[in-house]
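**Q** Have a look at the structure that comes next, please.
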Amino acid sequence: MEILRRQFLQHVGQTSDAPLMIEVARAEGIYFYTPDGKRYVDLISGVSVSNVGHGNREVVEAVCAQARDYMHVMVYGELVERPQVRYAEAIAGLLPEPLESVYFVNSGAEAVEGALKLAKRHTHRTEIVSFCNAYHGSTHGAMSVMGGEEFVGAYRPLLPDTRKLRYNAFEDLEQITERTACVLVEPVQGESGVRLPEAGFLAALRERCSAVGALLIFDEIQTGFGRTGEMFALLKYGVVPDMLCLAKALGGGMPLGAFVSSGGIMAGLRSDPPLGHITTFGGHPVCCAAGLAALEYICRHDLARQAEAKGALFERLLGDHPAVREIRRSGLLVAVELGDSVRLYRAMELLKEAGYLSDWFLFCDTAFRISPPLTITETQVRECCAAIRAGVLDKL
Ligand code: PLP
Numbered sequence: 514m515e516i517l518r519r520q521f522l523q524h525v526g527q528t529s530d531a532p533l534m535i536e537v538a539r540a541e542g543i544y545f546y547t548p549d550g551k552r553y554v555d556l557i558s559g560v561s562v563s564n565v566g567h568g569n570r571e572v573v574e575a576v577c578a579q580a581r582d583y584m585h586v587m588v589y590g591e592l593v594e595r596p597q598v599r600y601a602e603a604i605a606g607l608l609p610e611p612l613e614s615v616y617f618v619n620s621g622a623e624a625v626e627g628a629l630k631l632a633k634r635h636t637h638r639t640e641i642v643s644f645c646n647a648y649h650g651s652t653h654g655a656m657s658v659m660g661g662e663e664f665v666g667a668y669r670p671l672l673p674d675t676r677k678l679r680y681n682a683f684e685d686l687e688q689i690t691e692r693t694a695c696v697l698v699e700p701v702q703g704e705s706g707v708r709l710p711e712a713g714f715l716a717a718l719r720e721r722c723s724a725v726g727a728l729l730i731f732d733e734i735q736t737g738f739g740r741t742g743e744m745f746a747l748l749k750y751g752v753v754p755d756m757l758c759l760a761k762a763l764g765g766g767m768p769l770g771a772f773v774s775s776g777g778i779m780a781g782l783r784s785d786p787p788l789g790h791i792t793t794f795g796g797h798p799v800c801c802a803a804g805l806a807a808l809e810y811i812c813r814h815d816l817a818r819q820a821e822a823k824g825a826l827f828e829r830l831l832g833d834h835p836a837v838r839e840i841r842r843s844g845l846l847v848a849v850e851l852g853d854s855v856r857l858y859r860a861m862e863l864l865k866e867a868g869y870l871s872d873w874f875l876f877c878d879t880a881f882r883i884s885p886p887l888t889i890t891e892t893q894v895r896e897c898c899a900a901i902r903a904g905v906l907d908k909l
């Protein structure tokens with residue numbers, strides 16, 4: 514085996530026994546390339562990270578400019594750093610009231626941790642409610658509220674006083690009570706294989722939380738920044754949570770997370786006791802500069818609206834193939850359902866051979882993911898679909 518791959522397996526901590534093992538030399542737009550020039554189409558976007566495409570010039574320039582001015586100077590929250598302030602203001606400007614205060618962290622899992630802590634702090638309650646087949650991150654707190662006992666069991670004990678409801682089960686909502694600190698929900702469930710909320714479900718959840726005084730937290734770590742056809746899914750469904758978790762595309766390709774709430778709720782972290790959540794690198798100026806450049810790019814090119822049209826085109830061009838059972842989709846977050854895992858694994862091999870990077874979902878191994886950069890062109894969508902039909906679906 515070539516030396517770099519051997520060193521990768523030996524010295525880089527592994528997450529499974531079956532890494533993809535493709536070496537990346539460079540990435541541009543919807544493509545990335547190996548050192549020997551093989552081109553792959555990125556149908557994952559680093560899991561909904563690269564919404565503005567790889568190597569986006571405006572983001573790269575923002576990163577370089579900020580790195581030249583200053584990088585890390587002081588832990589989060591002490592100094593006034595222009596990229597952070599400008600980005601927080603821009604995010605708040607896109608969100609409905611009262612979501613105005615942005616607490617920057619490093620990752621999605623940390624955003625979830627911060628939001629859960631803040632909810633307990635604000636309500637003085639301990640119960641945390643989440644949903645079956647949800648994914649919220651891999652730290653202890655985030656794992657406590659995710660689905661999939663097969664991933665979680667070995668790490669118990671986790672957080673006490675958690676409860677899981679069935680997504681879209683209206684009748685489960687009465688289990689949210691005056692004991693509940695918060696309810697954490699993905700407005701569109703990503704890792705369960707793209708499951709959409711039934712009409713009225715998120716509104717009913719909002720109503721129940723308000724009635725019992727529990728905080729409603731939306732995890733838009735995967736759905737944010739245009740992926741579902743609106744800048745945020747909460748705008749699509751017209752439901753305003755008390756808190757919002759962001760990450761992935763938030764950093765424009767750099768590592769960044771955030772939880773957002775009203776100023777009043779956020780105040781809970783700063784006194785009695787102070788330092789309720791602290792982080793060295795959260796809101797790193799280079800990451801904030803990158804994120805702001807990416808956000809401006811999404812807005813200027815209307816990528817959110819385009820995501821809906823491009824997702825619909827994928828659905829139309831793949832949905833009628835006999836090997837496809839169903840397409841589930843929110844904007845350009847697409848699951849192509851094949852009905853069984855054997856066919857899915859075969860499809861994954863064929864996709865890789867054909868130069869397409871896709872994967873299945875953490876809680877759904879019968880469907881493959883199509884979530885390319887939102888910058889994909891209509892021509893590229895058509896090319897992808899023709900290649901996937903001929904090189905993958907026809908061979909199943
Ligand atoms: N929440 C959702 C909905 C996610 O999809 C993910 C990651 O896939 C996370 C949280 C965790 O984010 P991170 O990997 O940055 O910790």
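Counted the way the numbering used here counts, the sequence shown spans residues 514 to 909. Virtual Cβ for every residue (Gly too), placed ideally from N, Cα, C. Only a predicted model underlies this, so the values are computations on that prediction, with no experimental measurement involved.
For a test of your reading of the model: does the CB of H649 fall under 7 Å from any non-hydrogen atom of the ligand PLP? Yes or no.
**A** yes
**Q** In whole angstroms, what separates the C-alpha of G559 from that of K761?
**A** For the pair G559 and K761, the Cα-to-Cα distance works out to about 8 Å.
**Q** Please say whether E662 and F876 have beta carbons closer to each other than 8 Å?
**A** No, Cβ-Cβ distance for F876 and E662 is not below 8 Å.
**Q** Less than 8 Å between the beta carbons of V773 and L759, yes or no?
**A** Yes, these two residues count as a Cβ contact at 8 Å.
**Q** Can you grab the Cα-Cα spacing for the pair V642 / T892, in whole Å?
**A** C-alpha separation (whole angstroms): 43 Å.
**Q** Taking a contact to mean a Cβ-Cβ separation below 8 Å, would you say E536 touches T528 in this structure?
**A** no
**Q** Rounded to the nearest angstrom, what separates M656 and E866 at their Cα positions?
**A** 34 Å
**Q** Return yes when at least one heavy atom of the ligand PLP lies under 7 Å from the C-beta of E821, else no.
**A** no
**Q** For T793 and H814, what's the separation of their Cα atoms in angstroms?
**A** 34 Å
**Q** In or out: F854 buried (at least 16 other Cβ within 10 Å) or exposed?
**A** In the sequence as displayed, the identity of residue 854 is Ser instead of Phe. Per the 10 Å Cβ criterion, exposed.
**Q** Tell me whether M659 sits in a helix, a strand or coil according to DSSP, three-state version.
**A** coil
**Q** At the level of alpha carbons, what is the spacing between Q702 and N569?
**A** 28 Å
**Q** If we count the other Cβ atoms within 10 Å of its Cβ and call it buried at 16 or more, is E699 buried or exposed?
**A** buried
**Q** Relative to the ligand PLP, is the shortest distance from any of its heavy atoms to the C-beta of G706 smaller than 7 Å?
**A** G706: no, Cβ never under 7 Å from the ligand PLP.
**Q** Buried or exposed: where does D549 fall if 16 or more other Cβ atoms within 10 Å of its Cβ makes it buried?
**A** exposed
**Q** Q702 bridges to which residues according to DSSP?
**A** R708
**Q** Are L782 and L672 closer than 8 Å when you measure CB to CB?
**A** no
**Q** Just the C-alpha distance for I734 and V586, rounded to the nearest angstrom, thanks.
**A** 27 Å
**Q** Classify M767 as helix, strand or coil using the three-state DSSP reduction.
**A** strand
**Q** Exposed or buried, F644, counting other C-beta atoms within 10 Å across all chains shown (16 or more means buried)?
**A** buried
**Q** State the CB to CB distance for the pair H618 and G770, rounded to an integer number of angstroms; the pair is presumed to be in contact (CB under 8 Å).
**A** Here the sequence assigns Val to residue 618, which means His is not the residue at that position. At roughly 4 Å, the Cβ-Cβ gap stays under 8 Å, so V618 and G770 are in contact.
**Q** Can you find the residues in the same chain that come closer than 8 Å, C-beta to C-beta, to G789, ignoring five residues on each side of it along the sequence?
**A** K630, L631, R634, G781, L782 and R783
**Q** What does the alpha-carbon distance come out to for the pair L678 and S651?
**A** Looking at the two C-alpha atoms, the distance is approximately 20 Å.
**Q** Hey, is G770's beta-carbon within less than 8 Å of any beta-carbon in chain C?
**A** The question asks about chain C, but that chain is absent: this structure has only one protein chain.
**Q** I'd like the span of the alpha helix (DSSP H) that includes S558, first residue to last.
**A** S558 to S561
**Q** Any heavy atom of the ligand PLP within a distance shorter than 7 Å of the CB on Q579?
**A** no
**Q** Can you grab the Cα-Cα spacing for the pair V943 / I889, in whole Å?
**A** The first residue shown for the chain is 514 and the last is 909, placing residue 943 beyond what the model contains.
**Q** Going by DSSP, what residues sit across from V773 in a beta bridge?
**A** The partner list for V773 (beta bridge, DSSP) reads V615 and L757.
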